[in-house]
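Asker:
Protein chains in written order, with the numbering used here: chain Z, 215 to 512; chain S, 215 to 512.
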């Protein structure tokens, strides 16, 4: 038996066992009970060592965690909940796959998204690709449903991940900012609350707030007028607008009262402005909001 | 709008439109009608430039084709049919993404597995990761169901892909062997036929025939006694036993008559031997079958 098979067997033992009838790791595909009704969600995201993950400031376990969270956050941004994921590791020689899996399994357990399969191959550079399935009751919240007059909300302050990266690179970071960068959290409860509040459009802040809000505006054919953007303590305004991977959710909704009611028991979202009918025009405190952001996930 | 977004928009226009109510490319996740009953299959495989794909002999379009086919073949090996895929491209600078998508879309159309989402990121080396969903009516054919006395079958001759690679590297290849390497075909009809024939275990030849048969034997707790292995014209016996990516299906079944009946109208599968109760012992024409093969997909 090759050492690669042994690694896979060892990793498989760390994963949750499947429910009766299902088959997870170890066959040609996973075999799963399909969701009963509703919609099925499916997405994939990759994390590339040195591109999305600076291993001078992130551990290999962080890289695994972040690859899962990037996907779970996409499900949150539809108002859904994750079901399963498959994890493909193209690993460079010497990669500590067990440590990588500490992060993968940690996030999978934390967010109820068990690893049911994947692939492990060698590569000159480490690329961790996760595909996730999810479900949503009722209608998923797309990017394209915002309407003029809807209010614009964000689930929390922005820029913490970028500020954490900056401080980590400088050699010392506030623990909360460092954690925002190394161990981001997907906001599943908030995504469901926004959906239940009648959100008309939603996106997670992965590329950067401004870039992601522009995705919504373009998909919906609206403009927007923002009064303010909440900046995480320790972050700069530029980091709040352009920093990626905050995984806060930005959503639009027609009814402020329903939003406040749906978020009862959760951190209160911040109302930051309003959608307009001026397609292609977006402002913050009266000044044009630039198309900041560096990377696109679809 | 960034050029990356433009690329994604351009690629999206090449893909099939979703059925009413579904959302494919362009949101946080794809939104899909879940399968109605049966089982859902989920798998992922990666193709790494220079590791699984030698771009001295393969085009970038071939690389895209092969990444989709590796996944569809996993679904075939369960006796299922593919439903959707998500394609993540970690692309090196200068990668011709449109040409890559020629192959991706070609295979997706050919095998009924539309691309509904994915990710496009930059990377020092190109890694194409595909995750596939599928469905199967009735029971999927696992690797673990072979029983002593079952006959062992393969859907066709082996070694064509490895022989094609060898000839292409030497500067001139038989067209059929070259195509076996550059444009392999997943055997969906054959996988369904084997399932309907009552196959007890099945795998696709991706790692190499011997390695893959050993996967079945180990998962099932059986041994095997092979009389023969069909060698593709132009391939060596070593290529037939150890060459990967043939995507022929190897399966076990208790009833030869049902196998022959289920394959009516398809190329006849070849009966190559029988499972034994001697766990861990596998022979070909009386000699031990080595654990050949170079890479594992799970």
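C-beta: ideal position from N, C-alpha, C; glycine also. Just so you know, these numbers come straight off a predicted model, no measurement behind them.
Kindly indicate the opening and closing residues of the beta strand (DSSP E) around residue 275(S).
Answerer: Note, residue 275(S): premise wrong, no beta strand (DSSP E); alpha helix (DSSP H) at 274-290.
Asker: Alpha carbon to alpha carbon, what distance is there between residue 301(Z) and residue 430(S)?
Answerer: The straight-line gap from Cα to Cα measures roughly 23 Å.
Asker: What first and last residue would you give for the beta strand (DSSP E) that runs through residue 305(S)?
Answerer: Counting along the chain, the beta strand (DSSP E) containing residue 305(S) begins and ends at 295-305.
Asker: Could one say the Cβ of residue 483(Z) lies closer than 8 Å to chain S's Cβ atoms, at least one of them?
Answerer: No, no contact with chain S.
Asker: Using a Cβ-Cβ distance under 8 Å, would residue 166(S) count as near chain Z?
Answerer: There is simply no residue 166(S) to check, as chain S begins at 215 and stops at 512 in what is shown.
Asker: Please report whether the beta-carbon of residue 356(Z) lies at a distance below 8 Å from any beta-carbon of chain S.
Answerer: So, interface residue.
Asker: What runs of the alpha helix (DSSP H), each 4 residues or longer, lie entirely inside the region 370-418 of chain S?
Answerer: Listed in chain order, they are 374-383, 389-396 and 402-410.
Asker: Exposed or buried, which one is residue 280(Z) when buried takes at least 16 other CB atoms within 10 Å?
Answerer: Buried.
Asker: Taking the alpha carbon of residue 459(Z) as the point to measure from, which residue in 401(Z), 351(Z), 237(Z) and 241(Z) has its own alpha carbon closest?
Answerer: Out of 401(Z), 351(Z), 237(Z) and 241(Z), 401(Z) has the C-alpha closest to the C-alpha of residue 459(Z).
Asker: Please classify residue 451(Z) as buried or exposed, where buried requires at least 16 other C-beta atoms within 10 Å of its C-beta.
Answerer: So residue 451(Z) ends up on the exposed side.
Asker: Is the beta carbon of residue 466(Z) less than 8 Å from the beta carbon of residue 364(Z)?
Answerer: Yes, they are a contact pair.
Asker: Among 293(Z), 455(Z) and 434(Z), which one has its Cα closest to the Cα of residue 444(Z)?
Answerer: Selected option, being the one with the closest Cα: 455(Z).
Asker: Taking only beta-carbon atoms, is residue 509(Z) less than 8 Å away from chain S?
Answerer: Per-residue confidence for residue 509(Z) stands at a pLDDT of 43, beneath the threshold of 50, marking its modelled position as unreliable; the derived number appears in the next sentence. Yes, residue 509(Z) counts as interfacial toward chain S.
Asker: Taking 8 Å as the threshold, find out whether the region 369-386 of chain S comes into contact with the region 314-328 of chain S through three or more Cβ pairs.
Answerer: Contact fails: fewer than three Cβ-Cβ distances are below 8 Å.
Asker: When we look at the beta-carbon of residue 352(Z) and count the other beta-carbons within 10 Å, is it buried (16 or more) or exposed?
Answerer: Residue 352(Z) comes out exposed.
Asker: Return helix, strand or coil for residue 459(Z), following the three-state DSSP convention.
Answerer: Residue 459(Z): coil per DSSP, three-state reduction.
Asker: Counting along the chain, where does the beta strand (DSSP E) carrying residue 353(S) start and finish?
Answerer: First-last for residue 353(S): undefined, no H or E at that position.
Asker: Measuring only the C-alpha atoms, how far is residue 388(Z) from residue 381(Z)?
Answerer: Their Cα atoms are separated by approximately 8 Å.
Asker: What does residue 224(S) pair with, by DSSP beta-bridge criteria?
Answerer: Looking at the DSSP assignment, residue 224(S) forms no beta bridge with any residue, so it has no partner.
Asker: Residue 494(S): buried (16+ other C-beta within 10 angstroms of its C-beta) or exposed?
Answerer: Residue 494(S) comes out exposed.
Asker: Under a Cβ-count criterion, where at least 16 other Cβ atoms within 10 Å of its own Cβ denotes burial, should residue 310(S) be classed as buried or exposed?
Answerer: With fewer than 16 Cβ atoms within 10 Å of its Cβ, residue 310(S) is classed as exposed.
Asker: Buried or exposed: where does residue 503(Z) fall if 16 or more other Cβ atoms within 10 Å of its Cβ makes it buried?
Answerer: Buried, by the Cβ-count rule.
Asker: Mind checking which residues open and close the beta strand (DSSP E) that includes residue 244(S)?
Answerer: Note, residue 244(S): beta strand (DSSP E), 244-246.
Asker: Could you list the residues in the region 233-259 of chain S with a C-beta less than 9 Å from some C-beta on chain Z, going in chain order?
Answerer: Per Cβ criterion, the list reads 235, 236, 237, 239, 240, 241, 242, 243, 244, 245, 246, 247, 248, 249, 250, 251, 252, 253, 254, 255, 256, 257, 258 and 259.
Asker: Quick check: residue 463(Z) and residue 408(Z), are their CB atoms within less than 8 Å of each other?
Answerer: The answer is yes: Cβ separation under 8 Å.
Asker: By Cβ distance, which residues of its chain are closer than 7 Å to residue 415(Z), with the 5 residues on each side in sequence left out?
Answerer: So the qualifying residues of the chain are 355, 356, 357, 358, 359, 360, 430, 434, 465 and 466.
Asker: Could you confirm whether any beta carbon from chain Z is found closer than 8 Å to the beta carbon of residue 512(S)?
Answerer: Any reading at residue 512(S) needs caution, since the residue's pLDDT is 32, under 50, leaving its predicted position unreliable; the model's value is listed next. It does: the Cβ of residue 512(S) has a partner Cβ on chain Z nearer than 8 Å.
Asker: Residues of chain Z with a CB under 7 Å from the CB of residue 403(S): which are they?
Answerer: Those within 7 Å of residue 403(S) in chain Z number zero; the least Cβ separation is about 17 Å.
Asker: Alpha helix (DSSP H) containing residue 423(Z): first to last residue?
Answerer: Per DSSP, residue 423(Z) belongs to the alpha helix (DSSP H) from 423-434.
Asker: Taking 8 Å as the CB-CB cut-off, is residue 464(Z) touching chain S?
Answerer: Not an interface residue.
Asker: Checking 8 Å against the spacing of the C-beta atoms, do residue 321(Z) and residue 261(Z) come in under that value?
Answerer: Not closer than 8 Å, so no.
Asker: Does the distance from the CB of residue 247(Z) to the CB of residue 264(Z) come in under 8 Å?
Answerer: Taking 8 Å as the Cβ cut-off, residue 247(Z) and residue 264(Z) do not qualify as a contacting pair.
Asker: What distance in whole Å lies between the Cβ atoms of residue 290(S) and residue 405(S), which are believed to be in contact at a cut-off of 8 Å?
Answerer: Sure, about 4 Å apart at Cβ, within 8 Å.
Asker: Could you please give the first and the last residue of the uninterrupted beta strand (DSSP E) stretch that includes residue 486(S)?
Answerer: 484-490 is the span of the beta strand (DSSP E), which, as asked, contains residue 486(S).
Asker: Could you tell me whether any Cβ in chain Z is nearer than 8 Å to the Cβ of residue 467(S)?
Answerer: No, residue 467(S) does not count as interfacial toward chain Z.
Asker: Beta carbon of residue 252(Z), beta carbon of residue 347(Z): below 8 Å?
Answerer: The answer is no: Cβ separation not under 8 Å.
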